[in-house]
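Engineer: One structure, pasted below without further comment.
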Amino acid sequence: MKTLFSVLFLLISVLGNAQTYKFGDVPREHLEMEVYEKDSSASAVVLFSKGEAELNYYNDRFYLTVYRHIRIKILTDEGLDEGEIALRFRDRGSNSPQRVSGIKAESYTLSESGEIIKESVGRRDRYEEEVSENVAEIKFNVPGLKKGTVFEYEYELTSNNPLDFPSWVFQDDIPVIWSEYTAKIPEWFNFLTVSRGFHEFLVNEQERYNDRINFNSRNGVAFLDFEGTEYHYVMKDIPAIADEPYMKASMDYLSHIRFQLSSIQFPQTLMETYLDSWVELVNILVKDEDYGRRLRSSSELDMGLVQALEGAETEMDKMVGIYNHVSNHMEWNEEHGLYAFDDLAKVYEEGTGNGTAINLIMVQMLREAGFEAHPVALSTRFNGEIVNLFPLAGQFNHTIAYVQFDDSYFLLDAKNELRPYNLLPSEVLNGQGLIIYEGQEIWVPLQNQVPNTSRNVVRIIVDDEGYKGEVTSQNQGFYAVDLRNSFDLMELKESVNDEVFALEDPRFSVDSVSITNDQLDESFEFKTQFSFSDTSASDILYLDPMMMGKLKESPFEKKERTFPVDYNYPFTESIIMNIQIPEGWVVDEIPESVLIRLPEQAGEFRRIVQNNGNMISMNYRYMINKTRFMPLEYEGLKQFYDQMVDKLAQNIVLKKSS
Numbered sequence: 006m007k008t009l010f011s012v013l014f015l016l017i018s019v020l021g022n023a024q025t026y027k028f029g030d031v032p033r034e035h036l037e038m039e040v041y042e043k044d045s046s047a048s049a050v051v052l053f054s055k056g057e058a059e060l061n062y063y064n065d066r067f068y069l070t071v072y073r074h075i076r077i078k079i080l081t082d083e084g085l086d087e088g089e090i091a092l093r094f095r096d097r098g099s100n101s102p103q104r105v106s107g108i109k110a111e112s113y114t115l116s117e118s119g120e121i122i123k124e125s126v127g128r129r130d131r132y133e134e135e136v137s138e139n140v141a142e143i144k145f146n147v148p149g150l151k152k153g154t155v156f157e158y159e160y161e162l163t164s165n166n167p168l169d170f171p172s173w174v175f176q177d178d179i180p181v182i183w184s185e186y187t188a189k190i191p192e193w194f195n196f197l198t199v200s201r202g203f204h205e206f207l208v209n210e211q212e213r214y215n216d217r218i219n220f221n222s223r224n225g226v227a228f229l230d231f232e233g234t235e236y237h238y239v240m241k242d243i244p245a246i247a248d249e250p251y252m253k254a255s256m257d258y259l260s261h262i263r264f265q266l267s268s269i270q271f272p273q274t275l276m277e278t279y280l281d282s283w284v285e286l287v288n289i290l291v292k293d294e295d296y297g298r299r300l301r302s303s304s305e306l307d308m309g310l311v312q313a314l315e316g317a318e319t320e321m322d323k324m325v326g327i328y329n330h331v332s333n334h335m336e337w338n339e340e341h342g343l344y345a346f347d348d349l350a351k352v353y354e355e356g357t358g359n360g361t362a363i364n365l366i367m368v369q370m371l372r373e374a375g376f377e378a379h380p381v382a383l384s385t386r387f388n389g390e391i392v393n394l395f396p397l398a399g400q401f402n403h404t405i406a407y408v409q410f411d412d413s414y415f416l417l418d419a420k421n422e423l424r425p426y427n428l429l430p431s432e433v434l435n436g437q438g439l440i441i442y443e444g445q446e447i448w449v450p451l452q453n454q455v456p457n458t459s460r461n462v463v464r465i466i467v468d469d470e471g472y473k474g475e476v477t478s479q480n481q482g483f484y485a486v487d488l489r490n491s492f493d494l495m496e497l498k499e500s501v502n503d504e505v506f507a508l509e510d511p512r513f514s515v516d517s518v519s520i521t522n523d524q525l526d527e528s529f530e531f532k533t534q535f536s537f538s539d540t541s542a543s544d545i546l547y548l549d550p551m552m553m554g555k556l557k558e559s560p561f562e563k564k565e566r567t568f569p570v571d572y573n574y575p576f577t578e579s580i581i582m583n584i585q586i587p588e589g590w591v592v593d594e595i596p597e598s599v600l601i602r603l604p605e606q607a608g609e610f611r612r613i614v615q616n617n618g619n620m621i622s623m624n625y626r627y628m629i630n631k632t633r634f635m636p637l638e639y640e641g642l643k644q645f646y647d648q649m650v651d652k653l654a655q656n657i658v659l660k661k662s663s
């Protein structure tokens with residue numbers, strides 16, 4: 006009986022929350038709303054977002070129709086940008102064009118007398134703009150917007166391609182009070198669905214429905230009765246998604262549901278499969294004119310290979326030589342994409358291309374040099390993680406190279422001449438990549454083997470006018486890449502001051518810098534001398550032991566976090582410091598020694614400070630070993646950083662002895 010009452014209560018609650026929205030029917034309380042209580046900082050709020058997708062049959066074929074109706078409240082001047090609308094579609098030049106129709110948009114504002122002022126978007130207020138080949142946008146600005154305005158718009162998108170069946174994103178960068186999506190699918194279409202995100206459904210249900218289509222036959226118009234499935238999804242009171250420190254692509258975290266056509270089988274016909282296996286997808290890419298078939302010999306690439314192999318004696322020399330040649334010769338055009346749309350010889354000759362084209366050039370050269378090399382298709386961190394349920398080329402947006410090397414292998418990405426062959430860029434460290442090797446499904450983890458470490462040895466000598474010191478710095482992995490990219494060789498002292506010390510005190514100066522090792526595939530090492538001059542004849546000297554890269558504030562200010570914390574890679578920073586104190590000076594204060602560890606060795610902050618007569622020594626280490634922390638782990642991670650920042654604020658205080 007108790008269970009029955011619980012079910013009835015849930016049913017009544019859902020029905021009580023059911024929403025019906027009519028264009029132009031705006032409740033007065035929405036017009037009078039001044040702040041969204043669940044997020045008082047919101048610049049605007051989506052009052053509702055409704056979508057309906059349906060496959061309909063007419064003119065002897067199926068069409069996909071998607072209806073959208075959205076209503077938004079402007080709460081501050083910062084929210085006015087929400088009224089800049091762009092509706093994207095494929096134009097007539099596409100193989101499967103889309104059509105946008107039924108556009109309607111209006112704004113509603115309360116006057117000082119309490120009357121509703123309504124303004125509409127007319128045909129002349131809209132314009133079309135080309136985005137790329139065969140892709141365009143209809144754009145318009147909703148008129149009459151100001152703080153307090155409510156506006157809404159609706160439209161229909163029609164396509165003759167059932168593969169266009171849209172995903173629905175419930176979440177936005179502003180709060181959403183109500184988001185509802187309905188999809189009606191006839192029985193002949195088989196779709197797979199995947200939902201993602203961290204917000205629960207208020208409604209998640211499927212119902213069978215009956216319908217009829219008419220079609221032309223030899224005997225005139227005929228009718229066919231059929232069943233279908235109606236999918237209904239609702240989310241309520243969805244918080245805004247905003248960029249936060251150490252956050253991956255928002256699409257990995259946005260609450261959304263995705264539909265993917267798997268197969269079609271009409272009565273008395275064979276099933277048509279639209280979702281290939283991963284092996285079939287690999288075979289398709291191998292034979293694709295803009296992918297696998299780009300890999301062919303050419304005189305231009307052969308000449309480049311001769312230059313790349315000059316002076317190479319070992320197989321390792323050859324591989325590294327090819328990588329260095331391609332990364333130096335080619336300039337990345339900052340574009341990601343799975344395909345190479347131009348001949349590789351032409352791309353090589355022009356010296357610029359997207360990431361896939363550059364790395365396919367490298368694969369071809371490696372093969373010509375006798376290596377077993379294959380492309381690896383992947384999705385960058387910005388593009389989101391691969392959904393293994395959907396073997397679709399559209400999930401990938403980049404290609405790197407796989408090279409078999411004795412009993413091991415290397416993954417190479419030649420987009421940046423300042424990054425060594427054995428270090429993949431951070432944006433590709435996103436799960437697994439698919440090796441494009443005909444007839445095989447082989448996934449390879451996208452990881453680096455090179456540690457990311459910064460090790461610094463500091464020696465300081467204090468005198469009556471301040472102090473002088475020297476730093477010997479050894480950097481590996483991304484620490485080395487970052488310094489190579491940020492150091493200006495013509496302004497080394499300024500670079501070290503800005504990138505290493507980041508001190509704004511005019512009494513501090515970097516006196517000299519020498520780079521002691523800049524081999525691309527080795528650690529980046531440099532040595533610098535610095536000084537601090539205080540001519541005030543003060544009896545007290547404050548010395549910050551964390552003068553190098555001090556963490557001044559925690560990256561995690563919010564009390565709670567909805568999404569995981571994603572570090573791009575594990576890292577370790579260490580400082581070994583020795584401070585020599587002259588006669589006539591004594592230690593008044595030193596930072597306390599501290600050791601803070603995260604559970605399961607996920608991270609550590611250690612600082613050991615000792616005072617041995619005229620010498621102060623400090624051993625500092627800060628490391629993160631785990632790349633992903635789930636929301637339930639956030640509180641502990643936040644406390645870790647709060648404690649670390651608090652301890653790092655402590656200075657060494659020296660004073661003259663009386």
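Sequential numbering from 6 applies to the sequence shown in our numbering. Glycine residues also receive a C-beta, built at the ideal position from the N, C-alpha and C atoms.
(1) To which residues of the same chain is residue 658 closer than 7 Å at the C-beta, ignoring the five residues directly before and after it?
(2) Assign residue 418 to one of two classes, buried (16 or more other C-beta atoms within 10 Å of its C-beta) or exposed (fewer than that).
(3) Does the Cβ-Cβ distance between residue 286 and residue 398 come in under 8 Å?
(4) Thinking residue 655 and residue 596 are a contact (beta carbons under 8 Å), I'd like their distance in whole angstroms, please.
(5) Taking Cβ positions, are residue 484 and residue 521 nearer each other than 8 Å?
(6) With DSSP as the reference, label residue 500 as helix, strand or coil.
(7) Residue 78 bridges to which residues according to DSSP?
(8) Could you check how far apart the C-beta atoms of residue 180 and residue 245 are, in whole angstroms? I think they sit under 8 Å.
(9) By how many angstroms is the C-alpha of residue 259 removed from the C-alpha of residue 386?
(10) Could you tell me which of 37, 132, 147, 149 sits nearest to residue 1, measuring between CA atoms?
(11) Expressed to the nearest angstrom, what Euclidean distance is found between the alpha-carbon atoms of residue 250 and residue 650?
(12) Compute the Euclidean distance between the alpha carbons of residue 40 and residue 29, then round it to the nearest angstrom.
(13) What span of residues does the beta strand (DSSP E) with residue 516 cover, start to end?
(14) Identify which residue in 69, 135, 100 has its Cα closest to the Cα of residue 93.
(15) Using 8 Å for Cβ pairs, my map puts residue 478 next to residue 502. What's the rounded Cβ distance?
(16) Whose C-beta lies closer than 6 Å to the C-beta of residue 646 among residues of the same chain, with five residues either side of it excluded?
(17) What span of residues does the alpha helix (DSSP H) with residue 644 cover, start to end?
(18) Assuming residue 130 and residue 145 are in contact, meaning their beta carbons sit under 8 Å apart, how far apart are those beta carbons, in whole angstroms?
(19) If you follow the alpha helix (DSSP H) that residue 308 is in, where does it begin and where does it stop?
(20) Can you tell me the Cα-Cα spacing of residue 26 and residue 402, whole angstroms?
(21) Starting from the C-beta of residue 191, find all residues in its chain whose C-beta is less than 7 Å away, skip the five residues before and the five after it, and write them out in chain order.
(22) Assuming residue 603 and residue 641 form a contact by the criterion Cβ under 8 Å, report the distance between their Cβ atoms to the nearest whole angstrom.
(23) Measure the C-alpha to C-alpha separation of residue 482 and residue 63 and round it to an integer number of angstroms.
(24) Put residue 11 into one of helix, strand or coil per three-state DSSP.
(25) Determine the contact status of residue 492 and residue 509, defining contact as a CB-CB distance below 8 Å.
(26) Counting only the same chain and skipping the five closest in sequence on each side, list residues whose C-beta sits under 7 Å from that of residue 240.
(27) The beta strand (DSSP E) spanning residue 123 covers which residue range?
(28) Would you check if the distance between the CB atom of residue 150 and the CB atom of residue 112 is smaller than 8 Å?
(29) State yes or no: is the C-beta of residue 480 within less than 8 Å of the C-beta of residue 535?
(30) If you draw a straight line from the alpha carbon of residue 436 to that of residue 243, how long is it in whole angstroms?
(31) Residue 585 and residue 476 look like a contact to me (Cβ under 8 Å); what is the Cβ gap, rounded to whole Å?
(32) Please list, in chain order, all residues of the same chain as residue 265 whose beta carbon is under 6 Å from its beta carbon, the five residues on each side excluded.
(33) Given residue 359, which residues of its chain have a CB within under 8 Å of its CB, disregarding the five upstream and five downstream residues?
(34) For residue 448, write down the residues that DSSP places opposite it in a beta bridge.
(35) Would you kindly check if the distance between the Cβ of residue 381 and the Cβ of residue 2 is under 8 Å?
(36) If I'm right that residue 166 touches residue 36 with Cβ under 8 Å, what's the distance once you round it to whole angstroms?
Structural biologist: According to the structure data:
(1) 545, 547, 593, 594
(2) buried
(3) yes
(4) 4 Å
(5) no
(6) helix
(7) 50, 155
(8) 5 Å
(9) 14 Å
(10) This structure cannot speak to residue 1, because the chain is shown only from 6 to 663.
(11) 16 Å
(12) 22 Å
(13) 513-522
(14) 135
(15) In fact, because the Cβ distance is near 14 Å, the residues do not count as touching under 8 Å.
(16) 559, 561
(17) 639-653
(18) 5 Å
(19) 304-313
(20) 38 Å
(21) 60, 231, 233
(22) 7 Å
(23) 60 Å
(24) Note that residue 11 scores 42 on pLDDT, short of 50, meaning its location in the model is unreliable and no value can be drawn from it.
(25) no
(26) 175, 184, 204, 206, 207, 260
(27) 121-125
(28) yes
(29) no
(30) 28 Å
(31) The Cβ separation is near 15 Å, so there is no contact.
(32) 197, 395
(33) 337, 338, 340, 341, 342, 345
(34) 439
(35) The structure shown does not extend to residue 2, since the chain is modelled only from 6 to 663, so the question has no answer here.
(36) Actually they are not in contact, since the Cβ atoms of residue 166 and residue 36 sit about 40 Å apart, beyond 8 Å.
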